[in-house]
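Peer 1: Dumping the structure here so I can ask a few things about it.
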Amino acid sequence: MIVWPGQPYPLGATYDGLGTNFSVFSEASDRVELCLFDDDGHETRVELSETTALCWHGYIPTIGPGQRYGFRVHGPNDPAQGHRCNPNKLLIDPYAKAVEGQVDWNEAVFPYKFKDPDDWANNLDSAPYMPKSVVVSPWFDWDNDRHPHTSYHDTVVYEMHVKGFTQRHPDIPEELRGTYAGLSHPAAVDYLVNLGITAIELLPVHQFVHDAHLVERGLRNYWGYNSIGFLAPHNEYSAGGQRGQQVQEFRQMVKTMHAAGIEVFLDVVYNHTAEGNHLGPMLSFKGIDNAAYYRLVDSDRRYYYDTTGTGNSLDMRQSHVLQLIMDSLRYWVTEMHVDGFRFDLAAALARQFHEVDKLSAFFDLIQQDPTVSQVKLIAEPWDLGEGGYQVGNFPPLWSEWNGKYRDTVRDYWRGEHRTLADFAYRFTGSSDLYESSGRRPYASVNFVTAHDGFTLSDLVSYNEKHNEANGEHNRDGENHNRSWNCGAEGTTDDPEILELRGRQRRNFLVTLLLSQGIPMILAGDEMGRTQLGNNNAYCQDNELSWIDWDGMDGPMVVFANRLVQIRRNHPVFRRRRFFHGRPLHGAGVSDIAWLRPDGTEMSDEDWQTGTVTSIGVFLNGEAIQAPGPRGEQVVDESFLVLFNAHHEPMAFSLPDQRFGERWIRMIDTADALSEGESAKAGDQVTAEGRSVVLMRRVG
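Be aware that the sequence shown starts at 467, since it is given in our numbering, and climbs by one per residue.
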């Protein structure tokens, strides 16, 4: 076979129409073999004899899309020094743009012998049990595809799973369910458009691995937080095949979403890989250059420094690790047209040394990159290491999952005392966390529920987790529910309990969608999805996790859509800047005012005691000027939101005429029939126990 020298960059397999250039980084290796596999699985080995800047490379004419390949790396196998080269192990290309197959958990894929974990001379050939990297076509007809470029303050995120969203959808053809193509189907797209969300945030779609311990128990890594290929869309979500079809199918899904005005964010896992710790398999990085890719324990380099709880952490101090991450991010933006990223355990990416450092090399690279810095960047601002909880501490370019919002809003609605001041901060965009560093309210991604934890329906139905199906004796997941269980534990037919639960679900949605910042809805929460109390369904690739479209709570979907439309139509609920609590232009009332149930403004003593559970907030629309249909500036309407977290009804006195003379009820989470009722300054409006009333000023 003819092998030309080729080029060291780009890394991976690059098809140019005539042949394919292969390049792989490895400082530790003495030799690198490229292994090509035909349709029958027969292997042909070709040595990459050219090395440039620690990259082994070669160009082979006639090799094109669909070709399966891998690498074998020759070099030192000395774990005490951090090196684990073993040419008997077929390795996935770290830059593979597609992968075929999944790991078959044979002893051959591990670098040691099961009977003796200290014996690193496992020379069993792993190729028959390994997925294969695939050469892909770089071309796709994007036509006139454009990024929607939705403003941060206008963004409403819908966190969803590619498979779980469509797997049970009755209007999507069976052969498309659970795939990128299924997500592109009009039935899926129309639902998202009608709901009013502006962005979908996909749980991990980087190629990932189903852990051996899960497979042994008949389970799967449903969530996908176990990446092995940072440039490859996960192959099991492809309806058309795994020899590159998944790439084109993913692109078509993005193109379809963009045509509908919906942005696509990816939940990305760059903090660790699927190779685990010293007892984990050898799939890619570990055999290519273990010491260059992973953060090892300085005192004993056989072991891995772990701040992720998965066994290993990628070493953000290494230039080739940073290069891989940046190349991956740029690829997904430029070649796959995604609009943003949510970074799993992002604090781990900021660990320049031991501590979390927001000035680390990773953030410097993001900041100066002309491509990646222009898309939406969302951090999960914590990891499992010491000092890893970093909510509010990421650089100005970033938004963050606001865990304090989740906890405070849950505590408020379950009636916890002394949460009022925190609740006020969270509802108004968490200025205490973000304003001092020059950030805006949209630095806060607000959520009540996410994939990790209870669904919204389960949040108000269970006091305790029920994770028995995970096979860990219910020891995994959060220990206790931080919400209010409305009545009997679990499912019930009691209409009074069901009404209370529905009200509490509406309370959470109203709070979320009327708060300043970026709201994030967990897919299915708006339609009553349940996991029967499982708050850690990471391994449940079955009907427990998939959305039940036939069991949809239609009125709840209508309610959620109405809230999204109210938010969209009224900029006062999605301000670009924080409230200041000062009168406008030196006169009148403030841009915001917090009110006691008697209609007077909250005093310092009220805030300090924290015993008030019922409170009103006036949002002054005169502080907002929005463009009208002909470009003119239109002053937004003003609103009064009445929160009653107490279990008994509360009579609120509407504030004096300075705030407004006449009001109309728009939302009442306790009684939908009361919508449209009007009242005037000084009148009393009753908010039932644990409910929210939204009033709009009409005079």
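Glycine included, every Cβ here is placed at the ideal spot set by N, Cα and C.
Keep in mind the model is a prediction, meaning the values are calculated, not measured.
For Lys870, collect the residues of the same chain with a Cβ closer than 6 Å to its Cβ; drop the 5 residues on either side in sequence, then sort them by chain order.
Peer 2: Cβ neighbours of Lys870 beyond the five flanking positions: Val857.
Peer 1: Out of curiosity, what's the CA-to-CA distance linking His635 and Pro652?
Peer 2: About 12 Å.
Peer 1: Just the C-alpha distance for Thr885 and Tyr618, rounded to the nearest angstrom, thanks.
Peer 2: Using only the alpha carbons, I get a separation of about 28 Å.
Peer 1: Terminal residues of the continuous beta strand (DSSP E) containing His523?
Peer 2: Unbroken beta strand (DSSP E) run through His523: Cys521 to Pro527.
Peer 1: How would you label Met626, buried or exposed, when you count the other beta carbons within 10 angstroms and need 16 or more for buried?
Peer 2: Answer is buried; the Cβ neighbour count reaches 16.
Peer 1: Could you name each continuous alpha helix (DSSP H) segment of 4 residues or more that falls completely within the region 881–944, going from the start of the chain to the end?
Peer 2: Fully enclosed alpha helix (DSSP H) runs of 4 or longer: 886–893, 897–900 and 922–925.
Peer 1: Which whole-angstrom value is the C-beta distance of Phe1044 and Gly895, which I expect to be below 8 Å?
Peer 2: Yes, Phe1044 and Gly895 are in contact; Cβ-Cβ is about 6 Å, under 8 Å.
Peer 1: Start and end of the beta strand (DSSP E) containing Asp733?
Peer 2: Asp733 -> beta strand (DSSP E) spans Glu729 to Val734.
Peer 1: Take the Cβ of Trp864 as the centre, count every other Cβ of all protein chains shown within 10 Å, and call the residue buried at 16 or more, exposed below.
Peer 2: Flag for Trp864 reads buried.
Peer 1: To the nearest whole angstrom, what separates the beta carbons of Val734 and His672, a pair I think is in contact under 8 Å?
Peer 2: Correct: roughly 7 Å between the Cβ atoms.
Peer 1: Would you kindly report the start and end of the unbroken beta strand (DSSP E) that includes Thr517?
Peer 2: Run containing Thr517: Glu516 to Thr518, per the beta strand (DSSP E) assignment.
Peer 1: If you draw a straight line from the alpha carbon of Asn737 to that of Leu790, how long is it in whole angstroms?
Peer 2: Between Asn737 and Leu790, the C-alpha separation is close to 12 Å.
Peer 1: Where do the N-terminal and C-terminal ends of the alpha helix (DSSP H) with Phe1039 fall, by residue?
Peer 2: From DSSP, Phe1039 is part of no alpha helix (DSSP H); its letter is neither H nor E.
Peer 1: Would you kindly check if the distance between the Cβ of Glu938 and the Cβ of Gly919 is under 8 Å?
Peer 2: Cβ distance not < 8 Å, so Gly919 and Glu938 don't count as in contact.
Peer 1: Go ahead and label Arg967 buried or exposed: buried means 16 or more other beta carbons lie within 10 angstroms of its beta carbon, across all protein chains shown.
Peer 2: Classification of Arg967: buried, given that the 10 Å Cβ count is 16 or more.
Peer 1: Asn1002: buried (16+ other C-beta within 10 angstroms of its C-beta) or exposed?
Peer 2: Asn1002 is buried by the Cβ-count criterion.
Peer 1: Work out the CA separation of Thr722 and Gly1126 for me, nearest whole Å.
Peer 2: Their Cα atoms are separated by approximately 45 Å.
Peer 1: Does the distance from the C-beta atom of Asp1102 to that of Pro1037 stay below 8 Å?
Peer 2: For Asp1102 and Pro1037, yes; Cβs fall inside 8 Å.
Peer 1: Can the beta-carbon of Thr616 be found closer than 8 Å to that of Thr664?
Peer 2: Result yes, Cβ atoms of Thr616 and Thr664 sit closer than 8 Å.
Peer 1: Confirm, please, whether the CB-CB distance from Asp559 to Gly478 is below 8 Å.
Peer 2: In this structure, Asp559 lies closer than 8 Å to Gly478 by Cβ.
Peer 1: Along the chain, where does the beta strand (DSSP E) that runs through Phe491 open and close?
Peer 2: From DSSP, the beta strand (DSSP E) with Phe491 extends over Gly485 to Phe491.
Peer 1: Can you tell me the Cβ-Cβ gap for Pro583 and Arg550, rounded? I've got them flagged as a contact below 8 Å.
Peer 2: About 13 Å separates the two Cβ atoms, so there is no contact after all.
Peer 1: Please identify the residue among Val675, His883 and Gln1123 whose C-alpha is closest to the C-alpha of Trp1073.
Peer 2: Nearest option by C-alpha distance: His883.
Peer 1: Give the C-beta separation of Gly684 and Lys555 to the nearest angstrom, bearing in mind that I take them to be a contact with Cβ-Cβ under 8 Å.
Peer 2: Actually they are not in contact, since the Cβ atoms of Gly684 and Lys555 sit about 27 Å apart, beyond 8 Å.
Peer 1: Using a threshold of 8 Å, state whether the C-beta atoms of Gly662 and Val1107 are closer than that.
Peer 2: Not in contact: Gly662 and Val1107 (Cβ atoms no closer than 8 Å).
Peer 1: Among the candidates Glu566, Tyr691 and Val623, whose CA atom is the shortest distance from the CA of Glu987?
Peer 2: With the sequence shown as reference, residue 987 is identified as Ile, and Glu is not the correct amino acid for it. Closest option to Ile987, Cα to Cα, is Val623.
Peer 1: Count the other CB atoms, across all protein chains shown, that sit within 10 Å of the CB of Val1024; report buried if there are 16 or more and exposed otherwise.
Peer 2: Answer is exposed; the Cβ neighbour count stays below 16.
Peer 1: Is the number of C-beta pairs between the region 755–767 and the region 835–847 that are closer than 8 Å three or more?
Peer 2: Segments in contact, no.
Peer 1: May I have the straight-line CA-CA distance separating Met782 from Ala816, to the nearest angstrom?
Peer 2: Going by the C-alpha atoms only, they are around 8 Å apart.
Peer 1: Return yes when the Cβ of Phe537 is within less than 8 Å of the Cβ of Leu520, no when it is not.
Peer 2: No; because the gap between Cβ atoms is not below 8 Å, this pair is not in contact.
Peer 1: Relative to the C-alpha of Ala989, which residue among Leu980, Gln982, Tyr481 and Leu975 is closest?
Peer 2: Selected option, being the one with the closest Cα: Leu975.
Peer 1: Would you kindly work out how many angstroms separate the C-alpha atoms of Asn940 and Glu1009, rounded to a whole number?
Peer 2: Roughly 19 Å between the two C-alpha positions.
Peer 1: Looking only at its chain, what residues have a beta carbon closer than 6 Å to the beta carbon of Tyr797, apart from the 5 residues adjacent to it on each side?
Peer 2: Around Tyr797: Leu697.
Peer 1: What does the alpha-carbon distance come out to for the pair Phe1109 and Ala887?
Peer 2: Spanning the two alpha carbons is a distance of roughly 14 Å.
Peer 1: Would you mind reading off the limits of the beta strand (DSSP E) that contains Pro985?
Peer 2: Its beta strand (DSSP E) spans residues Ile984 to Leu988.
Peer 1: What are the complete alpha helix (DSSP H) segments, minimum 4 residues, inside the region 586–644?
Peer 2: Those alpha helix (DSSP H) runs which fall completely within the region 586–644 and span 4+ residues are 628–632.
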